[in-house]
Amino acid sequence: MATEQTSDDTWTLAGRTLRSRLIVGTGKYRDAEQTKACLERSGAEIVTVALRRVDLSAKDNLLSWIDRDRYTLLPNTAGCYTADEAVRTLRLARELGIADIVKLEVIGDPKTLLPDNEQTLAAAKILIDEGFEVLPYVSADPIVCRKLQDMGCSAVMPLAAPIGSGMGIRNPHNIGFIVEQATVPVIVDAGVGTASDAAKAMELGIDGVLMNTAIAQAKEPERMADAMRMGIIAGRQAYLAGRMPIRAHANASSPTGGLIE
Amino acid sequence: MATEQTSDDTWTLAGRTLRSRLIVGTGKYRDAEQTKACLERSGAEIVTVALRRVDLSAKDNLLSWIDRDRYTLLPNTAGCYTADEAVRTLRLARELGIADIVKLEVIGDPKTLLPDNEQTLAAAKILIDEGFEVLPYVSADPIVCRKLQDMGCSAVMPLAAPIGSGMGIRNPHNIGFIVEQATVPVIVDAGVGTASDAAKAMELGIDGVLMNTAIAQAKEPERMADAMRMGIIAGRQAYLAGRMPIRAHANASSPTGGLIE
Amino acid sequence: MATEQTSDDTWTLAGRTLRSRLIVGTGKYRDAEQTKACLERSGAEIVTVALRRVDLSAKDNLLSWIDRDRYTLLPNTAGCYTADEAVRTLRLARELGIADIVKLEVIGDPKTLLPDNEQTLAAAKILIDEGFEVLPYVSADPIVCRKLQDMGCSAVMPLAAPIGSGMGIRNPHNIGFIVEQATVPVIVDAGVGTASDAAKAMELGIDGVLMNTAIAQAKEPERMADAMRMGIIAGRQAYLAGRMPIRAHANASSPTGGLIE
Amino acid sequence: MATEQTSDDTWTLAGRTLRSRLIVGTGKYRDAEQTKACLERSGAEIVTVALRRVDLSAKDNLLSWIDRDRYTLLPNTAGCYTADEAVRTLRLARELGIADIVKLEVIGDPKTLLPDNEQTLAAAKILIDEGFEVLPYVSADPIVCRKLQDMGCSAVMPLAAPIGSGMGIRNPHNIGFIVEQATVPVIVDAGVGTASDAAKAMELGIDGVLMNTAIAQAKEPERMADAMRMGIIAGRQAYLAGRMPIRAHANASSPTGGLIE
Amino acid sequence: MSGSMLQIVVNGEARAVESGTTVAGLVTALGLQREHVAVERNREIVPRAEHEARSLADGDVLEIVTFVGGG
Amino acid sequence: MSGSMLQIVVNGEARAVESGTTVAGLVTALGLQREHVAVERNREIVPRAEHEARSLADGDVLEIVTFVGGG
Amino acid sequence: MSGSMLQIVVNGEARAVESGTTVAGLVTALGLQREHVAVERNREIVPRAEHEARSLADGDVLEIVTFVGGG
Amino acid sequence: MSGSMLQIVVNGEARAVESGTTVAGLVTALGLQREHVAVERNREIVPRAEHEARSLADGDVLEIVTFVGGG
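Residue numbers (our numbering), protein chains in the order written: chain W, 1 to 261; chain G, 262 to 522; chain L, 523 to 783; chain R, 784 to 1044; chain H, 1045 to 1115; chain A, 1116 to 1186; chain S, 1187 to 1257; chain B, 1258 to 1328.
This is the structure:
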């Protein structure tokens, strides 16, 4: 059977050459075993993690079981509502020795978890000055994305829909504008709900997709990890293949001549 | 890397056990070489063909180069506008020794190529009486599909959109009704335009997808064949995995407790 | 204030010249008073009624309170699953003296209430031979609609979505095909849920809309009757006015020259 | 015929009590006559205007023919790319004696004409301090809208789609969030293309719609002005009436009992 | 005039009526306005003009219908 | 062997063949592989097994079909 | 009254006006209705009340604006 | 060396530790692997290299953090 992807379709993020275009989160899984199984089946090379106070009752620590030779950890700033909190969180991540690339996420509202783009811009500036490779979670707003890439972010990560909503791509048109103007990788982050959403996102010409809930909260997370891995590749290949034009009317696929009479 | 599909996810069509859920047409390709390459990369086990008067100027005949050990040929009745024409065409296919399973397609209008369901019902009845395994191309109409399955068709093949339009699934709701009531395989036939359409179709719980133009008229047909193969599997796996619920609001993927203060 | 509609925008159905393009049902209302109020506020000139066994316990009969000088009654065949039942029902309607125009509705399935187009075609033929002016409820299927208009139906009434579902127009593309080929009025029947659905239907170039549940089951039916009356006119006027083209990019509405510097 | 709207459905914007929920632009019309005719038929009480260098060759000035007793002029800052330009423009508008309420519009990109929300926030702060009643054109971003209303804007005006695109409401979900949290009127500004778009916008529970191109570039602008006036009222009334629930399956509108047997 | 009764079925329910009862008589006896109903007798429509003349027979099955609200 | 010719129609085109020509002979003469075609003669299928035996007659209308790429 | 001229810029175009010309004078000379325009002189708004009093100086850059149709 | 105790706050909870306790000592005492945590003392990061050397003072407020699963 043909291989899943053509070996030459790699991409570069913050100086790293990557084969997988799927970045996955490590939250909401039943346990470490399920997390590991899903990471493997997703084919991901980068996985997100959150920074929290140590839980003295926790039996094992993520850092003790995650395969850091295989996965690059991407610390996020989930739960931060101001630029200061986000910066403080990522400085601690750097002190932990895991901050080569960071996911900047400054939330503006607890109900929608939509980003506060103004605070995100402020935090990105500080972090870039401190030498971080910043991947900001941002609205599907071409103007803000352009400011972030011009400022020196290593990618822009517009959302498809609210975090954990699974609503799919709410504004493909704006994602298209962001791709048209992009000078850094465009990663759709949050809102993807199923494999066709992931494929559709890739068909917009983006470089990758970041997701967590869609895999972790599927009835069978391991199987959904497979589905997402393939959905991403399918969408990417379809984008590269160049889809057929959409026609308002029909167009026969069998010859219209040579019919018996 | 994980294999593309779990070996146990097979399906049965007219007594055949199949692994691939993608059925592809052989029309509109540049030449035999491109056709063969796309069939291979699609992973298809069944391919459609049309019956036409022999072209005395044709240098080679499809039957001389297509690998019949690998592919089951599915003769169609493209171009037929009445039950009689369709029946006559398939009797000739049977005389050619290639009519184990047949695609019944009775067109009602040259502009939309939408099916004439009334004529299709009439032809299906005759063909089933003559022992054919009938796969009818039909509107996404649960009532007609129920009649066809009750009559003894081996599958029902509702359309996603007009043949060759690439518009994707126009009426997912009706496809869902057809799946709910199905006693035979449901194959979405016609209208799929890109990989995410194929994945989305499979996520509706159908058994397979039949397409031709979406691959043959992509800028790079071979690559699109790959994309479709994987899109179909991705959608199928996502359906089996059971997607997350869609939420009107957000849902954090990182822990909401344990934040630094 | 400008008048609601231009006096010249009338249409003709089965020889009747009509000003209102909204046909409403009389089912599911709280009582006769509410029904009358909603009919008036809808501006309808034609209203549908169902034929049933007399209820000996009923205090008043619809025929005793509905204003037949103002409204043309349109008997339907709701609840009929065969051509015979539908024909029998409409012959009784004729005996009741109310069958100038009739709504032919042959249901194929109790869950979806989708039409059985095959039975509908059979019943239409009989009824037309008996001199009825037939308005058939039918799938949004251009092929069946063409057969019905060619057979002599006085209009075709494709559905927007299942009866009482309020899902809006599921298949605008097929409605468009039906309008393109129409030789009789096209009335969208069933599935409209709110005023924008009604406007959108009219913008497809159809001649009218038939609805019942969307008004009767709104929280305030009387107010929704107003909304629908205006939504229908708004959509019709927008269709006649010829909407602006949809653009992929923006287009300034203020002059781009003459800016201060 | 029933009146177009219930007299009690007024709303308040910056201290003004308004009956019409449609605000229209005055750009892109053939001439003053057509502009006046469209304003009248739109039923608008507020109309936008742009500030530009005087054109010494212009034969008449908008201020000489527009009926300022009937319409409140709403100066905009179209063409401004920075907070400074916008503030400078509106100070000149005030000097012209027409700046009771102002439309703040700071553009971030000439191709999409999407707003620069960061500059818009900065300009809003200055203008509010100077006593202006500020109506900001903004992304459909609940976080930015909340900041603007908290800052003291008199309304928030999220876009439906890019200015002059006529694509309709790209992100109804976010508009819904903005309405849920609103403490000031929500006016959808830009992107509406036809009457059903206007009705659909109002059905989201917003207070009004601002448009220009959809009327000015219709084939018959005067008729489209009628259509929009009624579409806005239809959508508003439907919102107040409370639409029926959307059902996945059908629901009969005629009695299911009492059928003949 | 005989006191003998006829057994008939009206809208699915068994009823007894005096022999000699006409369709019109039955409709009136049921408290219905004749112009508001149509009658089928043993699956055949009885034209309103014949309601007076047509007498019921033992075993007749009648459907008496009218219009109700519907969509 | 006679030199007389038969006028027939093959796939819509008039042709002349020697009398005595069989279906099989015609197919071969057209340069076709017999296992790749099916033949209708005057609207009736001629089973392949009979191609050798069946001779053509003057005025015969034949359809010779095969499979081509299609969707 | 002197015949000497001032070089000014009005809405981006160079113009020469007689020295002593006031803002009001310029506006009128341009054929504009004073109540229809606002004037910026060297980036500062000149309140209408001062149009009569304020004389132009050589090198002044003026913006004279009004309202036009816009969305 | 005195047996006197220091009152400190660790991740929001009051604790008492012996005076002279270092950051490294605290981390170890809590059963944590030093390479798995980062420490903030009174809002300032204590570089891991200084954990051994840095002694705690009465009233110190510490945040000890690590990574957990997140999206």
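Every residue gets a Cβ at the ideal spot worked out from N, C-alpha and C, and that includes glycine.
- About 19 Å separates the beta carbon of R/Glu1003 from that of L/Gly753, a gap too long to meet the 8 Å contact definition.
- By alpha-carbon distance to W/Lys125, the top candidate from W/Asp109, W/Met151, W/Asn117, W/Ile101 is W/Met151.
- L/Tyr761: member of the alpha helix (DSSP H) spanning 743-763, first to last residue.
- Linking G/Leu317 to G/Thr287 through their CA atoms gives a straight-line distance of about 20 Å.
- For the 8 Å CB-CB criterion, G/Ile521 and W/Arg53 form a contact.
- G/Gln442 is positioned such that its CB atom lies closer than 8 Å to that of G/Arg407.
- Each of R/Thr860, R/Gln1020, R/Gly976 was checked against the Cα of R/Pro919, and the nearest Cα belongs to R/Thr860.
- Against chain W, the CB of R/Glu901 has a partner CB under 8 Å away; the residue lies at that interface.
- A Cβ-Cβ distance of about 12 Å is found for the pair R/Leu846 and R/Ala876, leaving them out of contact under the 8 Å criterion.
- In the DSSP secondary-structure assignment, W/Ile23 is bridged to W/Leu210.
- Among the residues facing chain B, G/Pro516 is included, as its CB has a counterpart in that chain under 8 Å away.
- Of W/Pro115, W/Thr194, W/Ala218, W/Thr213, the smallest CA-CA separation from G/Glu464 is found for W/Thr194.
- If you draw a straight line from the Cα of G/Gly496 to the Cα of L/Leu626, it is about 40 Å long.
- In this model, W/Ser196 and R/Arg813 are separated by some 46 Å (Cα to Cα).
- Flagged as an interface residue toward chain W: G/Asp316, by a C-beta distance shorter than 8 Å.
- Using a Cβ-Cβ distance cut-off of 8 Å, the segment 1269-1287 of chain B and the segment 1313-1324 of chain B are in contact, since at least three pairs of beta carbons, one from each stretch, lie closer than that value.
- Closer than 7 Å at the C-beta level to chain G, one finds these residues of the segment 153-184 of chain W: Pro162, Ile163, Gly164, Ser165, Gly166, Met167.
- Residues of the segment 139-152 of chain W with a C-beta less than 9 Å from any C-beta of chain R: Ser139, Ala140, Asp141, Pro142, Ile143, Val144, Arg146, Lys147, listed in chain order.
- Look at L/Asp748: its C-beta is under 8 Å from a C-beta on chain R.
- For A/Ala1144, the uninterrupted alpha helix (DSSP H) run begins and ends at 1138-1144, by DSSP.
- Within the segment 938-996 of chain R, the runs of beta strand (DSSP E) at least 3 residues long that lie entirely inside it are, in chain order, 970-972, 991-994.
- Taking C-beta separations shorter than 8 Å and ignoring five residues to either side along the sequence, the partners of R/Ala982 in its chain run Gly1014, Ile1015, Ala1017, Gly1018, Ala1021, following chain order.
- Counted as a single uninterrupted DSSP element, the beta strand (DSSP E) harbouring A/Ala1153 occupies residues 1153-1156.
- In the DSSP assignment, the residues bridged to S/Ala1200 are S/Val1195.
- Between the segment 1155-1166 of chain A and the segment 346-362 of chain G, the count of Cβ pairs shorter than 8 Å is three or higher; the stretches touch.
- Put simply, the backbone Cα of W/Ala218 is about 16 Å away from that of W/Lys36.
- Annotation: L/Arg769 to W/His249 spans about 21 Å, alpha carbon to alpha carbon.
- In the three-state reduction of the DSSP assignment, W/Ile46 falls in the strand class.
- Taking 8 Å as the threshold, the shortest C-beta distance from L/Glu783 to chain S falls below it.
- Listed in chain order, the positions of the segment 1290-1310 of chain B with a beta carbon within less than 9 Å of a beta carbon of chain W are Gln1290, Glu1292, His1293, Val1294, Ala1295, Val1296, Glu1297, Arg1300, Ile1302, Val1303, Pro1304, Arg1305.
- Across the segment 338-372 of chain G, CB contacts with chain L closer than 7 Å involve Gly369, Asp370, in sequence order along the chain.
- Here L/Ile629 is not near L/Ala662, since their CB atoms are 8 Å or more apart.
- For L/Glu567, no chain R residue has a C-beta closer than 9 Å to its own C-beta; the minimum C-beta separation is roughly 12 Å.
- Collapsing the DSSP output to three states places L/Pro632 in coil.
- Within a 10 Å sphere around the beta-carbon of W/Gly164 sit 16 or more other beta-carbons, which makes this residue buried.
- Under the three-state reduction of DSSP, H/Ser1099 is assigned to strand.
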